[in-house]
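Colleague: My questions all concern the structure below.
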Amino acid sequence: MNLDQIFISAQEAFLFYKNLPGKEKAEFLDTLADTLEEYRAEIVPLAVQESNLPEGRINGELGRTTGQIRLFAKMVKEGSWVEATIDPAMPDRTPLPRADIRRMLTPLGPVVVFGASNFPLAFSTAGGDTISALAAGCPVIYKAHPAHPETSKKVADCIHVALLKCGLPSALFTHVEGGIAEGQALVQHPLAKAVAFTGSHAGGKALFDLANKREEPIPVFAEMGSVNPIFCFPKKLSHNIPGLAKAFVSSLTLGVGQFCTNPGLIFVPEEQAKDFENAISAELKEIAAAPMLHQGIAQAYYDSIQFLEAREELRWVKVADPKHLINGSTALAEIKAHDWLKDSLFQKEVFGAFAMMVVYQSQTELEEIAEHLHGQLTITIWAEEEELKNQLFLLNLLEEKCGRLLFKGVPTGVEVGYAMQHGGPFPSTTAPQSTSVGAYAIKRFARPIAFQDMPQDLLPDALQDENPLGIWRMVNGNWEK
Ligand code: NAP
Numbered sequence: 034m035n036l037d038q039i040f041i042s043a044q045e046a047f048l049f050y051k052n053l054p055g056k057e058k059a060e061f062l063d064t065l066a067d068t069l070e071e072y073r074a075e076i077v078p079l080a081v082q083e084s085n086l087p088e089g090r091i092n093g094e095l096g097r098t099t100g101q102i103r104l105f106a107k108m109v110k111e112g113s114w115v116e117a118t119i120d121p122a123m124p125d126r127t128p129l130p131r132a133d134i135r136r137m138l139t140p141l142g143p144v145v146v147f148g149a150s151n152f153p154l155a156f157s158t159a160g161g162d163t164i165s166a167l168a169a170g171c172p173v174i175y176k177a178h179p180a181h182p183e184t185s186k187k188v189a190d191c192i193h194v195a196l197l198k199c200g201l202p203s204a205l206f207t208h209v210e211g212g213i214a215e216g217q218a219l220v221q222h223p224l225a226k227a228v229a230f231t232g233s234h235a236g237g238k239a240l241f242d243l244a245n246k247r248e249e250p251i252p253v254f255a256e257m258g259s260v261n262p263i264f265c266f267p268k269k270l271s272h273n274i275p276g277l278a279k280a281f282v283s284s285l286t287l288g289v290g291q292f293c294t295n296p297g298l299i300f301v302p303e304e305q306a307k308d309f310e311n312a313i314s315a316e317l318k319e320i321a322a323a324p325m326l327h328q329g330i331a332q333a334y335y336d337s338i339q340f341l342e343a344r345e346e347l348r349w350v351k352v353a354d355p356k357h358l359i360n361g362s363t364a365l366a367e368i369k370a371h372d373w374l375k376d377s378l379f380q381k382e383v384f385g386a387f388a389m390m391v392v393y394q395s396q397t398e399l400e401e402i403a404e405h406l407h408g409q410l411t412i413t414i415w416a417e418e419e420e421l422k423n424q425l426f427l428l429n430l431l432e433e434k435c436g437r438l439l440f441k442g443v444p445t446g447v448e449v450g451y452a453m454q455h456g457g458p459f460p461s462t463t464a465p466q467s468t469s470v471g472a473y474a475i476k477r478f479a480r481p482i483a484f485q486d487m488p489q490d491l492l493p494d495a496l497q498d499e500n501p502l503g504i505w506r507m508v509n510g511n512w513e514k
């Protein structure tokens with residue numbers, strides 16, 4: 034099928050699918066989750082083989098994938114996500130009568146999705162982007178990631194099995210294989226209405242620029258990763274140096290450091306720096322090098338480290354060992370805050386188990402760091418409650434710099450739920466007003482439409498006086514069901 038045919042069929046499928054009741058969309062999504070479970074025994078070994086990730090992790094990831102599919106199914110079945118808002122007519126209002134105005138969200142149209150290499154299931158073919166687009170009512174044209182082609186094809190087959198079982202058009206999902214040229218052509222197609230992407234900064238920014246150069250620019254929801262800083266305060270640290278070092282290293286090395294929420298930057302007060310560094314070093318010694326996702330990612334990791342090794346501001350606590358290139362070994366470098374502040378290159382993501390420990394001396398330095406910090410998916414604060422009492426200014430600065438602010442634990446392990454925010458100011462994403470994980474991800478693929486004085490019978494169910502769907506709506510400024 035050529036590109037025009039793919040998009041024309043997707044557009045036709047869209048015009049039919051977008052108005053289907055939420056219940057029918059939910060039935061399809063639940064069928065898909067069941068189908069993926071049915072094919073678990075085939076999907077898991079393929080993904081393990083293609084990603085070098087352990088079986089336990091892939092099994093868990095499949096559970097996460099079906100879990101998020103069911104979450105969106107539940108949401109569209111319930112239906113209130115469309116934000117139905119009604120301002121009834123006021124014919125007697127003076128000096129002018131008010132028209133009847135009813136607003137809701139409506140799906141955008143065909144969405145192009147680029148899957149991630151580091152989540153062959155949960156952020157790939159039937160991952161969060163694809164599913165939130167389908168849940169919103171949009172067909173998906175999926176650009177398969179070349180790092181796990183067979184897994185991608187198998188999952189695409191499952192999507193088609195589920196579409197067939199539910200009597201829905203197969204053009205609601207198209208699996209496209211290819212490289213950069215094919216991906217760019219998808220983004221440039223006039224019928225594409227939005228793009229979702231997870232991957233590198235270079236890739237996400239290139240697609241964002243491309244989409245903005247189109248005759249009709251379209252939104253690009255690119256999640257490009259971040260360094261997810263942890264800010265350590267003296268009391269908290271001194272109360273539990275070994276425990277926090279362990280937590281930090283576990284998070285840093287999880288999945289060989291190949292997570293977008295991997296903590297690549299940690300700010301440590303000078304008084305505890307040496308003890309903390311020793312504790313981290315001891316933990317790092319316990320971690321064996323393990324295979325990274327693919328050769329290209331391992332090469333990029335070691336190239337980035339080699340580049341940093343040329344910088345004299347960095348003192349290497351543990352050097353990476355590229356003996357077996359596919360294996361990612363851990364690395365840790367230390368730098369003084371005043372040096373770190375001089376060059377924003379020290380904030381660049383190194384995708385893998387590398388962290389930079391930045392030693393700060395004063396509150397002033399801490400605030401300068403916060404001001405200087407680039408946009409992040411997450412920022413973590415390790416402080417005793419009493420240490421935060423006079424830190425409102427700092428907290429205020431940090432809020433401006435991230436999508437999720439943690440006061441406990443580590444940034445890896447992104448919960449898929451209603452309140453999750455997985456997004457953040459640029460450069461972590463190109464759309465800080467959105468999330469790529471959790472229920473609100475659906476809103477990326479819908480736009481508001483208002484109907485003015487539309488006859489009752491023609492209005493979508495969500496906006497009719499009777500509220501046949503029984504959803505939450507704002508009527509005249511009040512929430513009601
Ligand atoms: P990537 O190189 O950005 O590729 C992701 C997808 O986008 C692939 O399908 C790729 O196609 C496509 N693509 C990339 N640049 C493009 C361009 N200019 N035009 C059109 N399509 C383009 O990411 P990756 O392969 O997953 O990993 C490489 C690096 O990405 C890692 O080293 C890491 O820094 C980063 N990464 C970040 C995250 C995150 O969570 N944000 C996740 C994974 C990786 P082709 O492969 O066919 O070229």
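Numbers in this note's numbering are just positions in the sequence shown, counted from 1, shifted up by 33.
Beta carbons: idealized from backbone N, C-alpha and C, even for Gly.
No experiment lies behind these values; they were computed from the predicted model shown.
How is K351 classed by DSSP in three states: helix, strand or coil?
Modeller: It is a strand residue.
Colleague: Looking at P465 and L436, is the spacing between their C-beta atoms short of 8 Å?
Modeller: Here the sequence assigns Gly to residue 436, which means Leu is not the residue at that position. Yes, the Cβ-Cβ distance between G436 and P465 is below 8 Å.
Colleague: Can you name the residues that DSSP bridges to V301?
Modeller: V301 is bridged to V392.
Colleague: Just the Cα atoms here: how many angstroms apart are C293 and H181?
Modeller: 18 Å
Colleague: Compute the minimum distance between the beta carbon of P262 and the heavy atoms of the ligand NAP, and state whether it is under 7 Å.
Modeller: no
Colleague: My assumption, with CB atoms under 8 Å, is that G426 sits in contact with E401. Please give the rounded CB distance.
Modeller: Correcting the residue type first, residue 426 is Phe in the shown sequence and not Gly. A Cβ-Cβ separation of about 12 Å leaves F426 out of contact with E401 under the 8 Å criterion.
Colleague: Pick out the complete alpha helix (DSSP H) segments inside the stretch 106-169, 4 residues or longer, and give them in chain order.
Modeller: 161-169
Colleague: Taking the alpha helix (DSSP H) that Y334 falls in, what are its first and last residues?
Modeller: 328-342
Colleague: Excluding sequence positions up to five away, which residues of its chain have a Cβ less than 6 Å from the Cβ of A66?
Modeller: For A66, where only same-chain residues beyond five positions count, the Cβ hits under 6 Å are T99, I102, R103.
Colleague: Counting only the same chain and skipping the five closest in sequence on each side, list residues whose C-beta sits under 6 Å from that of A189.
Modeller: T158, H208
Colleague: Helix, strand or coil, according to DSSP, for T363 in the structure here?
Modeller: coil
Colleague: For F264 and F300, what's the separation of their Cα atoms in angstroms?
Modeller: 5 Å
Colleague: Assign M257 to one of two classes, buried (16 or more other C-beta atoms within 10 Å of its C-beta) or exposed (fewer than that).
Modeller: buried
Colleague: If we ignore side chains and look at the alpha-carbon of each, how far apart do R97 and P78 end up?
Modeller: 17 Å
Colleague: Confirm the yes/no value for this check: CB of F387, any heavy atom of the ligand NAP, distance under 7 Å.
Modeller: no
Colleague: Compute every distance between the C-beta of L240 and the non-hydrogen atoms of the ligand ZN, then say whether any falls below 7 Å.
Modeller: Of the ligands this structure carries, namely the ligand NAP, none is the ligand ZN.
Colleague: Buried or exposed for P302, please, with buried defined as at least 16 other CB atoms from any protein chain shown within 10 angstroms of its CB.
Modeller: By the 16-neighbour rule on beta-carbons within 10 angstroms, P302 is buried.
Colleague: Using the three-state DSSP reduction, which class does R103 fall into: helix, strand or coil?
Modeller: helix
Colleague: Spatial neighbours of E448 within its chain, please: C-beta separation below 7 Å, excluding the five flanking residues on both sides.
Modeller: none
Colleague: Cβ of L358 within 8 Å of Cβ of Q339?
Modeller: no
Colleague: To test your reading of the DSSP string, which unbroken alpha helix (DSSP H) runs of 4 or more residues are found completely within the stretch 222-310?
Modeller: 234-246, 267-272, 274-286
Colleague: If you reduce the DSSP assignment to three classes, tell me which class A479 lands in.
Modeller: strand
Colleague: Have a look at G142, A43, D125 and flag the residue whose alpha-carbon is nearest the alpha-carbon of K476.
Modeller: G142
Colleague: Would you kindly work out how many angstroms separate the C-alpha atoms of A386 and Y72, rounded to a whole number?
Modeller: So the alpha carbons of these two residues sit roughly 32 Å apart.
Colleague: What residue does the alpha helix (DSSP H) around T184 start on, and which one ends it?
Modeller: Taken as a continuous stretch (DSSP letters only), the alpha helix (DSSP H) holding T184 covers 182-198.
Colleague: What is the DSSP secondary structure of L496, counted as helix, strand or coil?
Modeller: helix
Colleague: For D308, which of V350, E346, F384 has the nearest alpha-carbon?
Modeller: V350
Colleague: Have a look at the DSSP bridge pairing and note the partners of C435.
Modeller: Q409
Colleague: Could you check whether A403 and L431 sit closer than 8 Å to each other, using their CB atoms as the reference points?
Modeller: yes
Colleague: Around the C-beta of R506, are 16 or more other C-beta atoms found within 10 angstroms, so that it is buried, or is it exposed?
Modeller: buried
Colleague: For A46, which residues in the same chain have their Cβ closer than 7 Å to its Cβ, ignoring the five residues on either side in sequence?
Modeller: P172, P202, A204, L205
Colleague: Under the three-state reduction of DSSP, which class applies to N92: helix, strand or coil?
Modeller: helix
Colleague: Cutting at 6 Å between CB atoms, please list the residues of its own chain near V253, excluding the five before and the five after it.
Modeller: V228, L240, F241, A244, T463
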